[in-house]
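Before any comments, here is the structure.
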Amino acid sequence: MASTAAPKAQVLVASNRGPVSYTVGEDGSLSAKRGGGGLVSGLSAIGSDADSLWVCAALSDGDREAVRRGEGEPGVRMLDIPADVHADAYNGIANSVLWFVHHMLYQTPLEPVFDAEFRRQWESYRAYNRAFAEALAEEAAEGAAVMIQDYHLALAPRMLRQLRPDLRIGHFSHTPWAPPDYFRLLPDDIAAELLTGILGADRAAFLTRRWADAFTACCHAVLGPGIPSGTRIGVHGLGADAEFLRERAHRADVDERMAGLREEIGEGRRTIVRVDRTELSKNIVRGLLAYRHLLREHPDWRERVVHVAFAYPSRQDLAVYRDYTAEVQRVAEAVNAEFGTAGWSPVLLHVKDDFARSLAAYRLADVALVNPIRDGMNLVAKEVPVVSESGCALVLSREAGAFEELGEDAVCVNPYDVVGTAEALHSALSMGEGERSERCKRLAAAATALPPARWFLDQLGALDD
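In this text, residue positions in the sequence shown follow this note's numbering: the first is -2, and each later residue adds one.
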């Protein structure tokens, strides 16, 4: 609990994952590791004297130990929510239900099944959101601005409003929002509770106009015409941090990874680069199948191109994600077995997370493949053109949020169409150097139009309008 003598925060951010994580050493000592991302950059932009506080969940044993010892970073409050409650809320509801709904990932003949176990986990999701609402209510100064993040905390705005009607509350959705017909897979009372939870905010914001419109349509379909709370709807398309990326991409460790990748790729070969988590929505398997089709139908690319595919494991505590990661590896091995030669591996697959190696691949990319089934934004589509040295062509799914801003200069694909994606890869590889360079410049300009600090400050300012 915060000390009663502590000053109250004027700007608060709430999210499942915070800006710092802790590990316990063999000697029992705690070590902290700072994270990155748009929220970290955004909150730092308001200045260290702004009385800000980040409220987040303790995610690991190290995090929980830090909370128990009363240790922590200035400006961060971690909530030691019981591990079983967090597991139900995070894995059972947020990642296994809400993520699947918003990304339209269910195999509907078999799933979802909203049974008694779902209802039990939903109670944990409520408890998790309530813990955040109560902490925010306790820590916020009179009239403070509270920026609540994402589908993990969809109920918190309404709960916080009931506790502290004086606060200015914003909610931001980092995922797509499902259209009404799909959103209404959810039980009627749960669908209404999610919507009214977010409508407890003064302002609900989204990454693209498409997702904002879908939310409004769901409100009309489930709750009736109009936005009954008077909640304002906003759009803020998070951009890439060009200054950080360009500086970080030219450090020694990235140069070292580039040399290693060049050796693996081989002299004079073109590169198709993808960098993704092995989330089901990223569509990595179909990307590999499209590459296989390219090599079958356009054999002149054999031994002249390498698909550099970084597929970093995600959510491996869920069986469906472990199975998907294994399938990515199986298909990559099958492509190499079918086409590989003594001096050429068609696919270079890396599954160990390495940010420096990702940046090295960005610099080497001739073509970036970003083909999600559905994505709130997809920052990789924005980052590669910023870092690419020779000017890359972007093959981009029309279902990525980034398509709204980048589609004009990308090669568009239907993410389900393997043959169409293969032809798009062929077109991108065949694109003239001049055209590719000019497109890349325009892509980079569009990608950096709203960098993280301004993205955050724009939302903060909009709460005052």
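For glycine and all other residues, C-beta sits at the position ideal for the given N, C-alpha and C.
A quick note: this is a predicted structure, and the numbers were derived from the prediction, not measured.
Mapping the DSSP letters down to three states, classify residue i as helix, strand or coil.
i    : result
M428 : coil
T1   : The pLDDT assigned to T1 is 49, lower than 50, so where the model puts this residue is not dependable, and the model offers no usable value.
I281 : helix
S121 : helix
I187 : helix
Q470 : The chain is shown only over -2 to 462; residue 470 falls outside these bounds and no answer can be derived.
L447 : coil
A339 : coil
M75  : strand
A407 : coil
Y318 : helix
S434 : helix
D297 : helix
S226 : coil
T205 : coil
A441 : helix
C53  : strand
K30  : strand
A399 : coil
T105 : coil
L366 : strand
H247 : coil
D60  : helix
V332 : helix
H233 : coil
L345 : strand
V110 : coil
R266 : coil
R371 : coil
N13  : coil
E260 : helix
D351 : coil
D455 : helix
When the distance is taken between beta carbons, is residue j closer than 8 Å to residue i?
i    : j    : result
D358 : A329 : Residue identity differs from the one stated: residue 358 is Ala in this sequence, not Asp. Against a cut-off of 8 Å, the Cβ pair of A329 and A358 comes out as no contact.
D406 : L440 : yes
I78  : A128 : yes
A419 : H290 : yes
A175 : V98  : yes
N411 : R283 : no
L242 : V383 : yes
M75  : A55  : yes
L356 : A142 : no
A137 : E70  : no
D314 : N88  : yes
T268 : A397 : no
G234 : T213 : no
L366 : L422 : yes
W208 : G25  : no
L192 : C216 : yes
L107 : L50  : no
What residues are listed by DSSP as bridge partners for residue i?
i    : result
Y309 : R274
H99  : According to DSSP, which records beta bridges pairwise, H99 is partnered with nothing at all.
S394 : V410
Y359 : Beta-bridge pairing links Y359 to no other residue.
S18  : K30
V303 : T268
Y200 : Looking at the sequence shown, residue 200 is not Tyr but Arg. Answer is G167, R229.
When every heavy atom of the ligand FMN is checked, does at least one fall within less than 7 Å of the C-beta of residue i?
i    : result
V251 : In the structure shown, the ligand FMN is absent, as is every other ligand, since no ligand is present at all.
Stretch-stretch touch, CB-based, cutoff 8 Å, three pairs: the stretch 175 to 189 with the stretch 144 to 160: no
Ranges of the beta strand (DSSP E) found wholly within the stretch 115 to 180, counting only runs of at least 3: 137 to 146, 165 to 170
Between the stretch 6 to 22 and the stretch 53 to 65, can you find at least three pairs of beta-carbon atoms closer than 8 Å? yes
Answer yes if the stretch 447 to 461 comes into contact with the stretch 389 to 398, meaning at least three C-beta pairs across the two stretches below 8 Å, and no otherwise. no
Okay, do the stretch 113 to 120 and the stretch 161 to 171 touch, 3+ Cβ pairs below 8 Å being the bar? no
Assess contact between the stretch 292 to 308 and the stretch 335 to 347, defined as three or more Cβ pairs (one per stretch) separated by less than 8 Å. Is contact present? yes
With contact counted as at least three CB pairs below 8 Å, one residue from each stretch, are the stretch 188 to 207 and the stretch 224 to 241 in contact? yes
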